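Structure record follows, encoded as structure tokens.
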Amino acid sequence: MEVQTPIARIESFLRGRTQQVFYRGHLSVRIVLLFGVSQGSVLGPILFLLYTAELFDVIAECGYTAHSYADDTQVYVSNAASDNIDAIERLVRCIVCIRDWMARNRLQLNEDKTQVIWLGTR
36 MEVQTPIARI
46 ESFLRGRTQQ
56 VFYRGHLSVR
66 IVLLFGVSQG
76 SVLGPILFLL
86 YTAELFDVIA
96 ECGYTAHSYA
106 DDTQVYVSNA
116 ASDNIDAIER
126 LVRCIVCIRD
136 WMARNRLQLN
146 EDKTQVIWLG
156 TR
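For the sequence shown, my numbering assigns the number 36 to the initial residue and increments by one for each residue that follows.
And the structure:
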């Protein structure tokens, strides 16, 4: 019996996957998937976390902290009310850095779902 290394085991999970679609009574051509992880798989969430771990470094370089749950990431910032203009500019720059990092890593920032919540005092 051959024992697989952890890397070989993960590689076997990712390689040789195909996809086919059944629509209106017709089956599409089967294609080989070059990227991604099977949805609903046991390894999927772990591999996604490993794949996106560097995102927290990008956010930290902007001077912010973040929290993630599944594929939802929240960036937090706290500043004095008198620094609001600078805070907005820094946050916009950070969002651009996040978007660029995601694009380099074959991910996409959904700008329609990107929100800013501004909490403050008088």
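By construction, the Cβ of each residue, glycine as well, lies at the ideal position given by its N, Cα and C atoms.
On a predicted model such as this, the values are computed, not experimentally measured, just so you know.
- In the DSSP assignment, THR53 is bridged to VAL67.
- In the DSSP assignment, GLN109 is bridged to HIS102.
- Contact annotation, ALA88 with ILE94: C-beta distance approximately 11 Å; criterion of less than 8 Å not satisfied.
- LYS148 and PHE83 have their C-alpha atoms spaced approximately 20 Å apart.
- Under the three-state reduction of DSSP, LEU142 is assigned to coil, being neither helix nor strand.
- Here CYS129 really is in contact with VAL110; their C-beta atoms are around 7 Å apart, less than 8 Å.
- Excluding five sequence positions before and after GLY51, the CB atoms of its chain that fall closer than 8 Å to its own CB belong to VAL67, given in chain order.
- DSSP, read as helix, strand or coil, puts LEU85 in helix.
- When SER117, TYR86, ARG125, VAL77 are compared, the shortest CA-CA separation from TYR99 is found for ARG125.
- For the 7 Å CB-CB criterion, THR53 and ARG65 form a contact.
- One Cα belongs to THR40, the other to SER73, and the distance between them is close to 21 Å.
- Excluding sequence positions up to five before and after ARG141, its CB lies within less than 7 Å of the CB of PHE70, all in the same chain and listed in chain order.
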